[in-house]
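Enquirer: A single structure is presented below for examination.
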Amino acid sequence: MASKKELRVLNKMLKKPCITSREVEGILGVSNKTARKMIALLNDEIVLHGAEITAKPGKGYSLIVHKNAAFEKFLEDNQIIDAANTENRSEFLIRLFIDTEEYLKVEELADMLYISQKGVSKSLKEAEHYLNEFDLNIIRKPHYGMRVDGKEYDIRRCLSSMAGENDFTAIDKSIIEVVDKVFKKNEVKMSEMALTSFLISLQITVDRVKKGKLVEMDPARFEISMHSQLRHDIQAAKECVKALEEEYQLLFPEDEINYIALNIMDKKYYENNGSLVINEEINLLVTEILDSIYKTYGLDFRKDLDFYMMLVKHLIPLRLRLLYGTMIKNPILEEVKGKYPFAWSIASGLNHIIKKHYDRMMSDDELGYIAIAVQLAIDKHKKQVDNRKNILLVCAAGNVFSRFLKYRFQELFKDCIEQAYTCDYSDLRDYDFSKIDYVFSTVPIDISLPVPIYKVEYFPDEAEMGDIRTVLQKPASIIEKYFSEKLFLTEVEAENKSEVIRQICNHIAKAVDVPEDFYDLVMKRESLLQTAMGGQVAVPHPHHTVTDQTLICVAILKNPIYWNKTDKVKVVFLISISQNDMDDMENFYSDFFKLALTKENIDSIVKNQTYENLMSIVRSI
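Mapping the sequence shown onto my numbering, position 431 (from 1) lands on 431, and the numbers just tick up by one.
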């Protein structure tokens, strides 16, 4: 086996395409002749693992890898890492502490990592912070060094959390075969990702049992036999253990069987085939979640059986994962956050309900799965909108021509028009545009109107008819009616989030009727979930529906502020949903987030801070 000094030479070769003989002598602390002999011995060792060291006259030594997988395994077994990568450093230290029962000193770690003791101290802090998340601690003893202290159960949780692609490729073939056979026999179903996670946890279990590191299931906390859902999984675990004991000549105590059963249960897929037991606890939890979504956002999924069952099938194993501190990975978490920010916001807002029931919060990975279910429900409930428009036709040539123009539009675009009205140019200033979507005029209009204006001919040609049809077929803006110029603020000065929200709430209170505790309700919601959406946008709202009318107050800040530790905000949309407007909230939120989460829209709002520009953007959605 290569010595520590030889491994330090190898570590150096991983970072440079070529190292000189003088560098080798310095690392080894020996003469040139002895250094050559030690390099030869090191080469003999690594040749067996898919690599070799070549000597280049006048240049030095280079490392050539022929078999990546075999050589990576050799590096891992000998605890050689890329010291330039700080993430690798902290993970290396964690694995080293877990695998080593002896105390380790900082200077020893510096030698292994080939970095300064100061660099080791920084990586140690990161490693210790990560270990603490799993109730593991680094204990220090003067003159001896450091080691990890904690329960075996928590050590395995930590190892599972660090698992990556290399861990999957290192799973013994026999373990995969055992699991495949047992799961088929017992009809245990897992997603591909969950199965990979289970196989890794089982490999970790086998490796730890080989080392005599056995898990102890605390009877006060892990009353596994009491969970009816686990009985079937314990049988599958027993069959896995029986096969593994024969394969590896090991003995698995009962606690190990229960541990494996727990890992089966919190990862398996629950089918809606009549065998799924939904107890009162889960039913009440899901009902509370559905009520919360309705009261907060006006989204009524309370009678959606598909959404109900999606939540049930996730919450049954989630309960155990929270209780026992196990976890599940979400490979598309960042995509969910980026593509479905509203669904992510709703899911995040449900964490306080989970905390109330289980005294633990869901991880981001768990929230990602809830967000996917929410998004599916939103898409399912979107209503078909009657897209026909109300138009106003303006003509300066008298009543006969106005009627003729109206007749032409109704004939040519009858599938696009709900109502067509006519008006003289002189009456435009006093006209009620509350029900008008577009104005089409045969004469130029040089006054400002609250709706888009299009110039047309009495006898439009084919190209112009195509343009008119394009305008009329454009989906109507659902959110336009909820904006108001009196709720449009610019140059808002504030030092922090609470100041911004207070100013907005005070302004709203002067313009419309809101309850006295409106500000408190908004801040209550802020304490429960993240309302910064990225892209310099925040969307605060009350804890539940409290206003008689739905409103959107827009505030553009004079200077961006930190809404939380990481997100700066320049534009704030404070939304308050009315109980009277809950029939079409799916489409409302769909259009709103097209406005608020499109970078070009926000850039335009910040650059041109006028209500007219805002409305122009809203109508373009």
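Ideal Cβ positions, reconstructed from N, Cα and C, are used throughout, including at glycine. The structure displayed is predicted, hence computed values, not measured ones.
How many angstroms separate the CA atom of T326 from the CA atom of K558?
Expert: By one-based count along the sequence shown, residue 326 stands at place 326. By one-based count along the sequence shown, residue 558 stands at place 558. Taking the straight line from one Cα to the other gives about 45 Å.
Enquirer: Based on Cα-Cα distance, which residue from M38, I64, I39 and K37 lies nearest to S50?
Expert: As a first step, residue 50 is located in the sequence shown; it is residue number 50 there, counting from the start. According to the sequence shown, residue 50 is Gly rather than Ser. It is I64 whose Cα lies nearest to the Cα of G50.
Enquirer: Compute the Euclidean distance between the alpha carbons of P626 and S620, then round it to the nearest angstrom.
Expert: A question about residue 626 goes unanswered here, because the residues of the chain that appear run from 1 up to 621.
Enquirer: Out of curiosity, what's the CA-to-CA distance linking N564 and A532?
Expert: Indexing the sequence shown from 1 puts residue 564 at position 564. Indexing the sequence shown from 1 puts residue 532 at position 532. Rounded to the nearest angstrom, the two C-alpha atoms are 8 Å apart.
Enquirer: Leaving out the 5 sequence neighbours to the left and right, which residues in its chain are closer than 6 Å to I278 when beta-carbon positions are compared?
Expert: As a position in the sequence shown, residue 278 is number 278, starting the count at 1. If we look at I278 and ignore the five residues flanking it on each side, its Cβ neighbours are V312.
Enquirer: For A84, collect the residues of the same chain with a Cβ closer than 6 Å to its Cβ; drop the 5 residues on either side in sequence, then sort them by chain order.
Expert: For the purposes of this step, residue 84 is taken as residue 84 along the sequence shown, with counting starting at 1. With a pLDDT of 48 at A84, under the threshold of 50, the modelled position of this residue cannot be trusted, and the question is left open.
Enquirer: Determine the burial state of A40: buried for a count of at least 16 other Cβ atoms within 10 Å of its Cβ, exposed for fewer.
Expert: As a first step, residue 40 is located in the sequence shown; it is residue number 40 there, counting from the start. When all chains shown are included, A40 counts as exposed.
Enquirer: Tell me which same chain residues have a C-beta within less than 8 Å of the C-beta of N273, skipping the five on either side of it?
Expert: Against the sequence shown, residue 273 aligns to sequence position 273. Confidence at N273 is low in this model, with a pLDDT of 49, below 50, so the placement of that residue is unreliable and no value is reported for it.
Enquirer: Quick one: give me the first and last residue of the beta strand (DSSP E) that Y340 is part of.
Expert: Translated into the one-based positions of the sequence shown, residue 340 becomes position 340. It is not in any beta strand (DSSP E) - Y340 carries neither H nor E in the DSSP assignment.
Enquirer: Could you check how far apart the C-beta atoms of L305 and I282 are, in whole angstroms? I think they sit under 8 Å.
Expert: Walking along the sequence shown from the start, residue 305 turns up at place 305. Walking along the sequence shown from the start, residue 282 turns up at place 282. That pair is no contact at about 15 Å.
Enquirer: With a Cβ-Cβ cutoff of 8 Å, do I204 and R156 count as a contact?
Expert: Walking along the sequence shown from the start, residue 204 turns up at place 204. Walking along the sequence shown from the start, residue 156 turns up at place 156. I204 is a Cβ neighbour of R156, given a cutoff of 8 Å.
Enquirer: Given a cut-off of 8 Å, decide if I561 and V500 are closer than it, judged by their beta-carbon atoms.
Expert: By one-based count along the sequence shown, residue 500 stands at place 500. By one-based count along the sequence shown, residue 561 stands at place 561. The Cβ atoms of V500 and I561 sit closer than 8 Å to each other.
Enquirer: Determine, using beta-carbon pairs with one atom in the segment 247 to 264 and one in the segment 207 to 218, whether at least three such pairs fall under 8 Å.
Expert: yes
Enquirer: Tell me which same chain residues have a C-beta within less than 8 Å of the C-beta of I138, skipping the five on either side of it?
Expert: Position 138 of the sequence shown holds residue 138. These residues qualify, in order along the chain: F97, L124, A127, E128, L131, M146, R147, V148 and D149.
Enquirer: Between the segment 334 to 349 and the segment 315 to 324, are three or more C-beta pairs nearer than 8 Å?
Expert: The answer is no - the segment 315 to 324 does not touch the segment 334 to 349, with fewer than three Cβ pairs under 8 Å.
Enquirer: Does DSSP put A237 in a helix, a strand or coil?
Expert: Numbered from its first residue, the sequence shown carries residue 237 at position 237. A237 falls in the helix class under three-state DSSP.
Enquirer: Which of the three DSSP states is assigned to G26 in this structure?
Expert: Residue 26 sits at position 26 when you count from the first residue of the sequence shown. When DSSP states are grouped into helix, strand and coil, G26 belongs to the helix group.
Enquirer: Report buried or exposed for K510, applying the criterion of at least 16 other Cβ atoms within 10 angstroms of its Cβ.
Expert: Here residue 510 corresponds to residue number 510 of the sequence shown, with the count starting at 1. Exposed.
Enquirer: Could you say which of T422, A371 and D300 lies nearest to N580 if we only look at CA atoms?
Expert: Counting from 1 along the sequence shown, the entry for residue 580 is found at position 580. Of the listed residues, the one whose Cα sits closest to N580 is D300.
Enquirer: Does the segment 284 to 292 come into contact with the segment 347 to 359, if we say contact requires no fewer than three beta-carbon pairs (one atom in each stretch) closer than 8 Å?
Expert: Yes, they touch.
Enquirer: What is the rounded straight-line gap between the Cα of S225 and the Cα of A237?
Expert: Start at 1 with the first residue of the sequence shown, and residue 225 comes out as number 225. Start at 1 with the first residue of the sequence shown, and residue 237 comes out as number 237. Reliability of the predicted coordinates at S225 is poor, the pLDDT of 44 falling under 50, and the value obtained from them is presented with this limitation in mind. Whole-angstrom Cα-Cα distance: 13 Å.
Enquirer: Short check: CB of L350 to CB of I370, under 8 Å?
Expert: Here the question's residue 350 lines up with position 350 in the sequence shown. Here the question's residue 370 lines up with position 370 in the sequence shown. It is a contact, given that the beta carbons lie within the stated cut-off.
Enquirer: Where does the unbroken alpha helix (DSSP H) through C622 begin, and where does it stop?
Expert: With the chain covering 1 to 621 only, the question about residue 622 has no answer from this structure.
Enquirer: Can you tell me which of F588, F592, H543 and V539 puts its alpha carbon nearest to the alpha carbon of K570?
Expert: Position 570 of the sequence shown holds residue 570. For K570, the nearest C-alpha among the options comes from V539.
Enquirer: What residue does the beta strand (DSSP E) around E491 start on, and which one ends it?
Expert: As a position in the sequence shown, residue 491 is number 491, starting the count at 1. Segment F488 to V492, the beta strand (DSSP E) holding E491.
Enquirer: Are the segment 548 to 558 and the segment 485 to 495 touching, with three or more C-beta to C-beta distances below 8 Å?
Expert: The count of Cβ pairs closer than 8 Å, one atom from the segment 548 to 558 and one from the segment 485 to 495, reaches three, so the stretches are in contact.
Enquirer: Name the DSSP beta bridge partners of I19, please?
Expert: In the sequence shown, counting from the first residue as 1, residue 19 sits at position 19. In the DSSP output, where bridge partners are listed per residue, I19 has Y61.
Enquirer: Which one of M362, D99, E366 and V106 has the shortest CA to CA distance from K211?
Expert: To locate residue 211, count along the sequence shown from 1; it is residue 211. Per the Cα distances, D99.
Enquirer: Look at S348 and L318 and say whether their C-beta atoms are less than 8 Å apart.
Expert: Indexing the sequence shown from 1 puts residue 348 at position 348. Indexing the sequence shown from 1 puts residue 318 at position 318. No. Outside cutoff.
Enquirer: I need the straight-line Cα distance from V400 to E586, nearest angstrom please.
Expert: The residue labelled residue 400 in the question sits at position 400 within the sequence shown. The residue labelled residue 586 in the question sits at position 586 within the sequence shown. Their Cα atoms are separated by approximately 44 Å.
Enquirer: Since Y454 and V471 are thought to touch, with beta carbons under 8 Å apart, how far apart are those beta carbons, to the nearest angstrom?
Expert: Numbered from its first residue, the sequence shown carries residue 454 at position 454. Numbered from its first residue, the sequence shown carries residue 471 at position 471. With 8 Å as the limit, Y454 and V471 qualify as a contact, their Cβ atoms being about 6 Å apart.
Enquirer: Taking 8 Å as the threshold (C-beta atoms), are E411 and N390 in contact?
Expert: Position 390 of the sequence shown, counted from the start, is the residue given in the question as residue 390. Position 411 of the sequence shown, counted from the start, is the residue given in the question as residue 411. No, the pair does not count as a contact, with Cβ atoms beyond the cut-off.
Enquirer: Compute the distance between the beta-carbons of S160 and K267, then report whether it is under 8 Å.
Expert: One-based indexing of the sequence shown puts residue 160 at position 160. One-based indexing of the sequence shown puts residue 267 at position 267. With respect to K267, S160 sits apart: the two C-beta atoms are not nearer than 8 Å.
Enquirer: Verify whether the separation of the beta carbon atoms of P331 and M193 is less than 8 Å.
Expert: As a working note, residue 331 is residue 331 in the sequence shown. As a working note, residue 193 is residue 193 in the sequence shown. For P331 and M193, yes; Cβs fall inside 8 Å.
Enquirer: Under 8 Å between the Cβ atoms of I46 and F74?
Expert: As a working note, residue 46 is residue 46 in the sequence shown. As a working note, residue 74 is residue 74 in the sequence shown. For I46 and F74, yes; Cβs fall inside 8 Å.
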